[in-house]
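Chemist:
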Amino acid sequence: MLDIKFLRTNPDIVKENIRKKFQEEKLPLVDQVIALDKEARSAKLHGDELRAQRKAKSKQIGGLMAKGQKEEAEAIKAEVNAMGEELAALEAKETEMQQEIRKIMLVIPNIIDPSVPIGKDDSENVEIEKFGEPFTPDFEIPYHVDIMEKLNGIDLDTARKTSGNGFYYLCGDIARLHSAILSYARDFMINRGFTYYIPPFMIRSQVVDGVMSFAEMENMMYKIEGEDLYLIGTSEHSMIGKFIDTILDEEELPKTLTSYSPCFRKEVGAHGIEERGVYRIHQFEKQEMIVVCKPEESMKWFDVLWKNSVDFFRTLDIPVRTLECCSGDLADLKVKSLDVEAWSPRQQKYFEVGSCSNLGDAQARRLMIRVKKADGSKYLAHTLNNTVVAPPRMLIAFLENNLNADGSVRIPEALRPYMGGMDVISVPQK
RNA sequence: GCGGAAGUACCCAAGUGGUGAAGGGGCUCCCCUGCUAAGGGAGUAGGUCGGGAAACCGGUGCGAGGGUUCAAAUCCCUCCUUCCGCGCCA
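For the first sequence, the residue numbers in the numbering used here are 67 to 496.
Written out as structure tokens, the structure is:
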């Protein structure tokens with residue numbers, strides 16, 4: 067969400083930015099919102115004048131009543147009553163226009179960083195850097211569900227019975243591996259100076275409205291029946307929600323937080339649920355990082371964040387690459403975004419395991435997350451978020467990259483303390 | 001979940017329909033005194049929106065949102081939060 071004052075004074079920059087994102091259909095919105103804003107401001111000015119008059123006159127009534135001059139009071143009362151209708155109409159118009167302006171402002175995309183590559187859609191995203199050699203063993207890598215089943219580590223059939231498609235039972239060493247990865251990720255981030263949080267896994271509708279659009283809510287969020295509560299789709303929802311309408315002291319910054327939560331997603335729409343496997347599912351668990359910082363530091367933190375994920379995957383011997391989102395694939399709220407992708411030796415390609423985003427001040431403007439300087443002046447914070455790891459999905463990369471020819475799975479050194487010292491998950495004897 | 005009480009500024013707190021939302025503490029600045037404590041004065045209602053070149057002016061604002069009224073901190077409705085008691089429960 068842009069500052070309407072910025073849009074007012076720099077309509078050309080805003081339009082140029084819309085073109086760069088290949089959203090030509092939104093171009094007319096700029097002039098539309100400028101006109102609307104002008105109208106809304108003059109309506110407000112007029113309304114303010116009327117309200118000031120009413121206030122003054124109402125006070126006169128009070129004075130006259132106190133002195134017992136009832137007739138004079140009644141006369142002024144009639145005057146104020148006469149203003150009432152005009153004011154009510156004007157106030158309705160003011161609210162309506164304000165809502166309309168906000169609605170438009172929410173769909174006008176944030177100004178992208180100059181470094182963002184220009185491109186129409188995800189096919190034009192740009193590979194930035196590879197970390198580790200994509201490795202292909204001389205034996206065939208099975209589908210990840212088959213690897214897990216051979217290790218007695220997953221039961222999708224029963225999960226479909228109890229909960230439906232998109233759920234899973236993990237069991238035995240695979241379940242333990244899942245928890246180990248999360249525990250390791252938690253400690254990994256704590257060691258890098260992040261503060262560990264376990265947030266609420268349900269949030270109120272008021273917070274939902276703040277952190278996402280209506281369309282997102284419809285496609286993602288599960289509602290609790292009979293309660294004003296929704297299951298979170300990511301811990302970012304409750305972690306950013308924590309800062310809604312707050313003023314932070316500048317010396318508290320940067321806030322560098324890492325949060326664990328289960329995530330629940332309906333996955334309605336474009337992609338839907340994968341038929342098999344744990345790639346795209348209704349319920350998964352995730353370790354996340356969140357940063358709230360000064361505007362001049364957000365690009366520095368952006369680099370710190372994605373590097374954390376890369377380092378994390380490298381300690382588990384998984385080759386990764388970074389892929390920068392091109393302008394057309396970048397969500398409207400984001401200034402810059404970069405996906406971390408893990409190597410799949412089975413598919414011979416990289417696939418997304420995390421997404422690092424710098425939202426600039428757009429999220430902060432929408433949610434009123436502000437920072438107070440020592441001199442009392444205030445500004446909007448910058449917010450960033452990134453995935454550390456989402457184990458069910460990352461298990462795919464983990465298993466494929468650490469699989470031995472006999473079907474057993476190597477445990478990289480970093481993870482062994484979390485696996486009770488195990489260095490390999492062996493295939494159970496029938 | 002049930003019953004009771006409450007929510008006003010950095011903190012405490014008065015205000016139950018009417019002209020600028022008292023007072024105290026704390027904090028900041030100034031004055032007096034002069035060796036360490038006290039006295040006097042001033043400032044301290046945020047946030048946000050709008051107008052203005054600026055000084056400044058106006059709207060809004062008493063947990064949130066609605067309503068009644070010429071006028072709401074005050075009356076009515078819904079919700080949230082906190083405290084106390086009871087109940088239930090990892």
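Positions of the beta carbon are idealized from the N, C-alpha and C atoms, including for glycine.
Return the chain-ordered ranges of every alpha helix (DSSP H) run that is complete within the region 307 to 346 and spans a minimum of 4 residues.
Modeler: Fully enclosed alpha helix (DSSP H) runs of 4 or longer: not present.
Chemist: Considering isoleucine 194, what are the terminal residues of the beta strand (DSSP E) in which it resides?
Modeler: Locating residue 194 in the first sequence gives position 128, where the first residue counts as 1. 192 to 197 is the extent of the beta strand (DSSP E) around isoleucine 194.
Chemist: Name the DSSP beta bridge partners of serine 423, please?
Modeler: The sequence position of residue 423 within the first sequence is 357, counting from 1. According to DSSP, serine 423 bridges with Ser403 and Asn451.
Chemist: At which residues does the beta strand (DSSP E) containing threonine 224 begin and terminate?
Modeler: In the first sequence, counting from the first residue as 1, residue 224 sits at position 158. Taken as a continuous stretch (DSSP letters only), threonine 224 belongs to no beta strand (DSSP E), being part of the alpha helix (DSSP H) at 222 to 228.
Chemist: Spatial neighbours of methionine 283 within its chain, please: C-beta separation below 7 Å, excluding the five flanking residues on both sides.
Modeler: As a working mapping, residue 283 is identified with position 217 in the first sequence. Once the five neighbours on either side are set aside, the close Cβ partners of methionine 283 are Val274.
Chemist: Taking the alpha helix (DSSP H) that glutamine 272 falls in, what are its first and last residues?
Modeler: As a first step, residue 272 is located in the first sequence; it is residue number 206 there, counting from the start. Start and end: 271 to 277.
Chemist: Whole angstroms are fine: how far does the CA of proline 361 sit from the CA of glutamate 105?
Modeler: For the purposes of this step, residue 105 is identified with residue 39 of the first sequence, where counting begins at 1. For the purposes of this step, residue 361 is identified with residue 295 of the first sequence, where counting begins at 1. Looking at the two C-alpha atoms, the distance is approximately 32 Å.
Chemist: Hey, how far is the Cα of aspartate 398 from the Cα of lysine 125?
Modeler: Your numbering for residue 398 matches position 332 in the first sequence. Your numbering for residue 125 matches position 59 in the first sequence. Roughly 48 Å between the two C-alpha positions.
Chemist: Taking the alpha carbon of arginine 252 as the reference point, which residue from Tyr263, Arg242 and His348 has its own alpha carbon closest?
Modeler: Here the question's residue 252 lines up with position 186 in the first sequence. Among Tyr263, Arg242 and His348, the Cα nearest to that of arginine 252 is on Tyr263.
Chemist: Isoleucine 240: which of Ile256, Ile220 and Gly230 sits nearest, CA to CA?
Modeler: Against the first sequence, residue 240 aligns to sequence position 174. If we check each option's Cα against that of isoleucine 240, Ile220 comes out closest.
Chemist: When you compare the CB positions of valine 358 and phenylalanine 309, do they come within less than 8 Å of one another, or not?
Modeler: Position 292 of the first sequence, counting from 1, holds the residue named residue 358. Position 243 of the first sequence, counting from 1, holds the residue named residue 309. Yes, the Cβ-Cβ distance between valine 358 and phenylalanine 309 is below 8 Å.
Chemist: Using a Cβ-Cβ cutoff of less than 7 Å, which residues in the same chain neighbour leucine 469 once the five nearest sequence positions on both sides are dropped?
Modeler: Mapped onto the first sequence, residue 469 falls at position 403. The residues are Ile207, Ile213 and Val475.
Chemist: Taking the alpha carbon of isoleucine 313 as the reference point, which residue from Asn452, Ser443 and Val490 has its own alpha carbon closest?
Modeler: For the purposes of this step, residue 313 is taken as residue 247 along the first sequence, with counting starting at 1. Closest option to isoleucine 313, Cα to Cα, is Ser443.
Chemist: With H, G and I counted as helix, E and B as strand and the rest as coil, what does DSSP make of glutamate 206?
Modeler: On the first sequence, position 140 is the one that residue 206 refers to. Here glutamate 206 sits in coil by DSSP.
Chemist: Within this structure, are the beta carbons of arginine 387 and glutamate 466 separated by less than 8 Å?
Modeler: Working through the first sequence from its first residue, we reach residue 387 at position 321. Working through the first sequence from its first residue, we reach residue 466 at position 400. Result no, Cβ atoms of arginine 387 and glutamate 466 do not sit closer than 8 Å.
Chemist: Between Glu115, Pro328 and His348, which lies nearest to histidine 337 when the distance is taken from Cα to Cα?
Modeler: The count along the first sequence starts at 1 and reaches residue 337 at position 271. Comparing Cα positions, the closest option is His348.
Chemist: Just to confirm the assignment, what range does the beta strand (DSSP E) spanning proline 389 have?
Modeler: Position 323 of the first sequence, counting from 1, holds the residue named residue 389. Strictly speaking, residue 389 in this sequence is leucine, with proline absent from that position. Segment 386 to 390, the beta strand (DSSP E) holding leucine 389.
Chemist: Just verifying my parser: in three-state terms, what is the DSSP assignment at phenylalanine 464?
Modeler: Within the first sequence, numbered from 1, the residue matching residue 464 stands at position 398. Phenylalanine 464: helix per DSSP, three-state reduction.
Chemist: Do the region 287 to 302 and the region 405 to 421 make contact, defined as three or more Cβ pairs closer than 8 Å?
Modeler: Counting Cβ pairs under 8 Å, fewer than three are found: no touch.
Chemist: Any contact between the region 105 to 114 and the region 136 to 145? By contact I mean 3 or more CB pairs, one from each, below 8 Å.
Modeler: The region 105 to 114, when compared against the region 136 to 145, does not touch it at the 8 Å Cβ threshold.
Chemist: Closest by CA to glutamate 162, which one among Gly198, Leu102, Glu190 and Glu215?
Modeler: To locate residue 162, count along the first sequence from 1; it is residue 96. Comparing Cα-Cα distances from glutamate 162 to each of Gly198, Leu102, Glu190 and Glu215, the minimum goes to Leu102.
Chemist: Cutting at 6 Å between CB atoms, please list the residues of its own chain near valine 182, excluding the five before and the five after it.
Modeler: Your numbering for residue 182 matches position 116 in the first sequence. Taken in chain order, the residues that qualify are Ser393 and Lys402.
Chemist: Using a Cβ-Cβ cutoff of less than 6 Å, which residues in the same chain neighbour threonine 324 once the five nearest sequence positions on both sides are dropped?
Modeler: Here residue 324 refers to the residue found at position 258 of the first sequence. Contacts found: Met255, Phe260, Tyr262 and Met355.
Chemist: Can you give the Cα-Cα distance for glycine 486 and valine 454, rounded to whole angstroms?
Modeler: Taking the first sequence and counting its residues from 1, one reaches residue 486 at position 420. Taking the first sequence and counting its residues from 1, one reaches residue 454 at position 388. Each residue's alpha carbon lies about 22 Å from the other.
Chemist: Quick check on alanine 408: does DSSP put it in helix, strand or coil?
Modeler: Residue 408 sits at position 342 when you count from the first residue of the first sequence. The answer is strand: DSSP assigns alanine 408 an E or B state.
Chemist: How about the region 431 to 451 and the region 71 to 82: do they share at least three Cβ pairs that are nearer than 8 Å?
Modeler: No contact exists between the region 431 to 451 and the region 71 to 82.
Chemist: What's the C-alpha gap between proline 266 and serine 304?
Modeler: In the first sequence, counting from the first residue as 1, residue 266 sits at position 200. In the first sequence, counting from the first residue as 1, residue 304 sits at position 238. Cα to Cα, proline 266 sits roughly 6 Å from serine 304.
Chemist: Counting only runs of 4+ residues fully inside the region 76 to 143, write out the alpha helix (DSSP H) ranges in chain order.
Modeler: Segments of the alpha helix (DSSP H) lying fully in the region 76 to 143: 77 to 86 and 93 to 133.
Chemist: Taking only three categories from DSSP, how would you classify tyrosine 234?
Modeler: Numbered from its first residue, the first sequence carries residue 234 at position 168. In this structure, tyrosine 234 counts as coil in the three-state DSSP scheme.
Chemist: From glutamine 119 to glutamine 135, what distance separates their C-alpha atoms?
Modeler: To locate residue 119, count along the first sequence from 1; it is residue 53. To locate residue 135, count along the first sequence from 1; it is residue 69. Going from the Cα of glutamine 119 to the Cα of glutamine 135 covers about 21 Å.
Chemist: Assuming contact is defined by CB atoms lying nearer than 8 Å, are cysteine 422 and asparagine 191 in contact in what I supplied?
Modeler: Locating residue 422 in the first sequence gives position 356, counting from the first residue. Locating residue 191 in the first sequence gives position 125, counting from the first residue. For cysteine 422 and asparagine 191, no; Cβs fall outside 8 Å.
Chemist: How many angstroms separate the CA atom of tryptophan 367 from the CA atom of glutamate 215?
Modeler: Walking along the first sequence from the start, residue 367 turns up at place 301. Walking along the first sequence from the start, residue 215 turns up at place 149. Cα-Cα distance, rounded: 40 Å.
Chemist: Using the Cα positions of glutamate 166 and arginine 107, report the straight-line distance between them to the nearest angstrom.
Modeler: As a first step, residue 166 is located in the first sequence; it is residue number 100 there, counting from the start. As a first step, residue 107 is located in the first sequence; it is residue number 41 there, counting from the start. Taking the straight line joining both Cα atoms gives about 13 Å.
Chemist: Rounded to whole angstroms, what's the CA-CA distance from glutamate 317 to proline 458? Just pull it up for me.
Modeler: By 1-based counting over the first sequence, the position of residue 317 is 251. By 1-based counting over the first sequence, the position of residue 458 is 392. Computed Cα separation, rounded: 38 Å.
Chemist: Return the bridge partner residues of methionine 268 from the DSSP annotation.
Modeler: Translated into the one-based positions of the first sequence, residue 268 becomes position 202. DSSP lists Leu297 as partners of methionine 268.
Chemist: Run through DSSP, which three-state label would phenylalanine 201 get?
Modeler: Residue numbering aside, residue 201 sits at position 135 when the first sequence is read from its first letter. Looking at phenylalanine 201 - three-state DSSP - the assignment turns out to be coil, as it is neither helix nor strand.
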